[in-house]
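With the UniProt record's numbering applied, the sequence shown covers 1 to 309. Note that CB positions come from ideal geometry on N, CA and C, so glycine has one too. To start, the structure itself, in structure tokens.
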Amino acid sequence: MARRSARRRPSSSAPLTLPAELPVGPVPISTGTAEVVRDPDFPQRVTLHVNGVPSSSLDLADPGFLDFEYMQQMAAFVALLPPGPLRVLHLGAAGSAFARHVEHERPGSRQLGVDLDPRLLELVRDWFALPRSPLLRLRADDAGRALASARDASYDVVVRDVFAGDRTPEHLVGTGFAAEAHRVLRPGGMLLVNCADRPPLTTARREVASLAAAFGPDAAAQGRLAAVAEPAILKGRRYGNLVLAAVRRLPEDVPEDENGDARQPDLRDPRLGRALRTLAVPATLLAGEDATAFAGTAAPLATPAPETA
1 MARRSARRRP
11 SSSAPLTLPA
21 ELPVGPVPIS
31 TGTAEVVRDP
41 DFPQRVTLHV
51 NGVPSSSLDL
61 ADPGFLDFEY
71 MQQMAAFVAL
81 LPPGPLRVLH
91 LGAAGSAFAR
101 HVEHERPGSR
111 QLGVDLDPRL
121 LELVRDWFAL
131 PRSPLLRLRA
141 DDAGRALASA
151 RDASYDVVVR
161 DVFAGDRTPE
171 HLVGTGFAAE
181 AHRVLRPGGM
191 LLVNCADRPP
201 LTTARREVAS
211 LAAAFGPDAA
221 AQGRLAAVAE
231 PAILKGRRYG
241 NLVLAAVRRL
251 PEDVPEDENG
261 DARQPDLRDP
271 RLGRALRTLA
281 VPATLLAGED
291 ATAFAGTAAP
301 LATPAPETA
């Protein structure tokens, strides 16, 4: 479900303790098999395959490392949020590569990773030296159920990265999902969506329209709605991953922070566009009028909200 970036040096010179051994070959889990494949050029880098699909890529000596391009794009969005620890809900945990990165960049963050497979979560704890609870809690649950059970305004970031094959489950797309994500985000908080699509990007356009329906018709105009992908994907040349982002609006009377900066990130920020263009695999940001144009006349995906039972 994801492509890798060009090879990069580790982001930290302080190595972690590597596990004495990792499994060779597929290992049974509750929903099938998991396999850890080492990179022949960088033995400390591994890719977790779940049922044969690359699901997470980690550098065991560098918790800040992100290999998958869509995760690098998500990290650029998170960098727009005010400094300090974050509360993050990861829908689709797998090997928790993005959670490791968040903890590395923002120590003290409180994160919850949700995955349907309980055995997989037990194994990745042992294999990948993940942050311990309460810094990173792992819960075996349906992602929709976990979202529906979250308290109002309880997270700074919600990440949706859930697939069944090459598609996101129906109860995690559309207006129902977007409205639930909006509910659990704090004002100024951000939803990040990994959307895999193929030309003519009908699903991605309808997902952007769904986010606009949930986050407000003025979301794009206010810089609270965006889509990002490699140019070849946006031009309809191939299947790939797009990152969609939406920000819950702050009340108008919320003051700026002590540095005079707005607490609500503006996805039209030129710094975001530059960060995305200068990735190892450059990506294009569609925000403001460009996000509206991308959605075009696409209709929102009208779906019910996920339920707790």
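Is it the case that the stretch 108-124 contacts the stretch 135-143, given that we only count it when at least three CB pairs across the two stretches are under 8 Å?
These segments touch.
Mind checking who S56 pairs with in its DSSP beta bridge?
By one-based count along the sequence shown, residue 56 stands at place 56. In DSSP, S56 forms a bridge with L48.
Residue nearest to R238 in terms of C-alpha spacing, selected from A178, P282, P200, R100:
Residue 238 sits at position 238 when you count from the first residue of the sequence shown. Residue P200 is the option with its Cα nearest to R238.
Between V46 and L242, what straight-line distance do the alpha-carbon atoms span, to the nearest angstrom?
As a position in the sequence shown, residue 46 is number 46, starting the count at 1. As a position in the sequence shown, residue 242 is number 242, starting the count at 1. Distance from the CA of V46 to the CA of L242, rounded to the nearest whole angstrom, comes to 23 Å.
Report the rounded CA-to-CA distance for G288 versus A61, giving the unit in angstroms.
Here residue 288 refers to the residue found at position 288 when the sequence shown is read from its first residue. Here residue 61 refers to the residue found at position 61 when the sequence shown is read from its first residue. Counting only the Cα atoms, A61 lies some 39 Å from G288.
Rounded to whole angstroms, what is the Cα-Cα separation between L130 and A213?
Start at 1 with the first residue of the sequence shown, and residue 130 comes out as number 130. Start at 1 with the first residue of the sequence shown, and residue 213 comes out as number 213. Cα atoms of L130 and A213: separation of roughly 36 Å, rounded to the nearest angstrom.
If you check the beta carbons only, do R224 and R249 fall under 8 Å apart?
Taking the sequence shown and counting its residues from 1, the one referred to as residue 224 is at position 224. Taking the sequence shown and counting its residues from 1, the one referred to as residue 249 is at position 249. For R224 and R249, yes; Cβs fall inside 8 Å.
Does the beta carbon of R198 fall short of 7 Å from some heavy atom of the ligand ADP?
With respect to the ligand ADP, the structure shown offers nothing to examine, as it has no ligands at all.
Tell me the rounded alpha-carbon separation between A143 and H171.
Residue numbering aside, residue 143 sits at position 143 when the sequence shown is read from its first letter. Residue numbering aside, residue 171 sits at position 171 when the sequence shown is read from its first letter. Each residue's alpha carbon lies about 9 Å from the other.
Candidates F42, G95, E230, A79, of which the one nearest S55 by Cα:
By one-based count along the sequence shown, residue 55 stands at place 55. S55 has its Cα closest to that of G95, out of F42, G95, E230, A79.
Short of 8 Å in beta carbon distance, which residues of its chain neighbour T297, apart from the five on each side in sequence? Order them along the chain.
Sequence index remark: in the sequence shown, residue 297 carries index 297 (1-based). No residues qualify anywhere along the chain.
Near A209, which residues of its chain fall below 7 Å by C-beta distance, leaving aside the five closest residues on each side in sequence?
Taking the first residue of the sequence shown as 1, we reach residue 209 at position 209. Taking C-beta separations shorter than 7 Å and ignoring five residues to either side along the sequence, the partners of A209 in its chain run A295, A298, A299, P300, following chain order.
Which value, in whole angstroms, describes the spacing of the CA atoms of R274 and A178?
Mapped onto the sequence shown, residue 274 falls at position 274. Mapped onto the sequence shown, residue 178 falls at position 178. Spanning the two alpha carbons is a distance of roughly 28 Å.
Give me the Cα-Cα distance between A291 and L48, rounded to the nearest whole angstrom.
Along the sequence shown, read from residue 1 onward, the residue named residue 291 stands at position 291. Along the sequence shown, read from residue 1 onward, the residue named residue 48 stands at position 48. If I take the Cα positions, the gap works out to 33 Å.
Determine the direct distance from the alpha carbon of A97 to that of V37, and round the result to whole angstroms.
Residue mapping note: residue 37 aligns to position 37 of the sequence shown, counting from 1. Residue mapping note: residue 97 aligns to position 97 of the sequence shown, counting from 1. One C-alpha to the other measures close to 15 Å.
Does the stretch 57-75 touch the stretch 101-113, meaning 3 or more C-beta pairs lie closer than 8 Å?
By the Cβ rule, the stretch 101-113 counts as touching the stretch 57-75, because three or more pairs are nearer than 8 Å.
So V228 and E207 are supposed to be a Cβ contact under 8 Å. How far apart are they, rounded?
Here residue 228 is taken as the residue at index 228 of the sequence shown, counted from 1. Here residue 207 is taken as the residue at index 207 of the sequence shown, counted from 1. About 13 Å separates the beta carbons of V228 and E207, which is beyond the 8 Å limit, so they are not a contact pair.
Report the three-state DSSP secondary structure of D126 (helix, strand or coil).
As a working mapping, residue 126 is identified with position 126 in the sequence shown. Here DSSP, grouped into helix, strand and coil, assigns D126 to helix.
Under the assumption that L191 contacts V162 (Cβ atoms under 8 Å), give the Cβ distance between them as a whole number of angstroms.
As a position in the sequence shown, residue 191 is number 191, starting the count at 1. As a position in the sequence shown, residue 162 is number 162, starting the count at 1. Their Cβ separation, rounded to whole angstroms, is 13 Å, which puts L191 and V162 out of contact at 8 Å.
Judging by CA-CA distance, which residue of A150, D152, C195 is the nearest neighbour of R160?
To locate residue 160, count along the sequence shown from 1; it is residue 160. Comparing Cα-Cα distances from R160 to each of A150, D152, C195, the minimum goes to C195.
What residues are listed by DSSP as bridge partners for A227?
Position 227 of the sequence shown, counted from the start, is the residue given in the question as residue 227. According to DSSP, A227 bridges with L244, L286.
Rounded distance between the beta-carbons of R263 and residue 310, thought under 8 Å
What the structure shows of the chain is the stretch from 1 to 309, and residue 310 is not part of that stretch, so it cannot be assessed.
Entirely within the UniProt domain "Methyltransferase type 11" (89-192) and at least 3 residues each: give me those beta strand (DSSP E) ranges in chain order.
As for any beta strand (DSSP E) of minimum length 3 sitting wholly inside the UniProt domain "Methyltransferase type 11" (89-192), the runs are 110-115, 136-140, 155-160, ordered along the chain.
Between E21, V27, G25, A34, which has its C-alpha nearest P43's C-alpha?
One-based indexing of the sequence shown puts residue 43 at position 43. Between P43 and the set E21, V27, G25, A34, the nearest pair of CA atoms involves E21.
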